[in-house]
Amino acid sequence: MTEKRLWIALVTFERRDEKQHMLPEWAHGACGWMVAVAQDEEAARGLLVRDVESQGFRVLAIEDEREVFGDDEIEEVDDHLAMNFRVIEPRKQTVWGTIHGYMGEGEA
Numbered sequence: 032m033t034e035k036r037l038w039i040a041l042v043t044f045e046r047r048d049e050k051q052h053m054l055p056e057w058a059h060g061a062c063g064w065m066v067a068v069a070q071d072e073e074a075a076r077g078l079l080v081r082d083v084e085s086q087g088f089r090v091l092a093i094e095d096e097r098e099v100f101g102d103d104e105i106e107e108v109d110d111h112l113a114m115n116f117r118v119i120e121p122r123k124q125t126v127w128g129t130i131h132g133y134m135g136e137g138e139a
């Protein structure tokens, strides 16, 4: 059995033409911290991209990736993310934290 580890990253994404229910109408995109439960950094990155794209967004950047060793470390970065991580559903592999919308130009 492969041990799962915790990875956090700052994810920046933007709208596509698809319907979505996360961002307000004025926001072209957003950024925020996320957690991935994966065996390594590459797998974590893949899970983050998959989750963001499944919500109808395009990933622009994944930055400041690092392994963390518990919810206390997550809370130091984003308390909302830590709160969501503490109630993660079984079999879930990613968790969203606080997202900050931005205005811009592009497909939206």
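Throughout, the working numbering is defined as the position within the sequence shown, counted from one, plus 31. In this text, a Cβ means the ideal position worked out from N, Cα and C, and glycines have one as well.
(request) Measure the CB-CB distance between L37 and V68 and report whether it falls below 8 angstroms. (result) Taking the sequence shown and counting its residues from 1, the one referred to as residue 37 is at position 6. Taking the sequence shown and counting its residues from 1, the one referred to as residue 68 is at position 37. Against a cut-off of 8 angstroms, the Cβ pair of V68 and L37 comes out as a contact.
(request) Measure the C-alpha to C-alpha separation of Q124 and E72 and round it to an integer number of angstroms. (result) The residue given as residue 124 occupies position 93 in the sequence shown. The residue given as residue 72 occupies position 41 in the sequence shown. Straight-line Cα distance between these residues: approximately 13 angstroms.
(message) Classify F88: buried if its beta carbon has 16 or more other beta carbons within 10 angstroms, exposed otherwise.
(response) Along the sequence shown, one-based indexing puts residue 88 at 57. Flag for F88 reads buried.
(message) So, for G63: in the same chain, excluding its five sequence neighbours on each side, which residues have a beta-carbon less than 7 angstroms away from its beta-carbon?
(response) Stepping through the sequence shown from its first residue, residue 63 is reached at position 32. Within the same chain, G63 has close Cβ partners V42, W127, G128, T129, I130 and H131.
(message) Taking a contact to mean a Cβ-Cβ separation below 8 angstroms, would you say E96 touches A40 in this structure?
(response) Taking the sequence shown and counting its residues from 1, one reaches residue 96 at position 65. Taking the sequence shown and counting its residues from 1, one reaches residue 40 at position 9. Result yes, Cβ atoms of E96 and A40 sit closer than 8 angstroms.
(message) For V66 and L79, I'd like the C-alpha separation in whole angstroms.
(response) Within the sequence shown, residue 66 is the residue found at index 35, counting from 1. Within the sequence shown, residue 79 is the residue found at index 48, counting from 1. Here the alpha carbons of L79 and V66 stand approximately 8 angstroms from one another.
(message) Quick check: what's the CA-CA separation for D109 versus F116?
(response) Within the sequence shown, numbered from 1, the residue matching residue 109 stands at position 78. Within the sequence shown, numbered from 1, the residue matching residue 116 stands at position 85. Taking the straight line from one Cα to the other gives about 11 angstroms.
(message) According to DSSP, simplified to helix, strand and coil, what is I130?
(response) By 1-based counting over the sequence shown, the position of residue 130 is 99. It is a strand residue.
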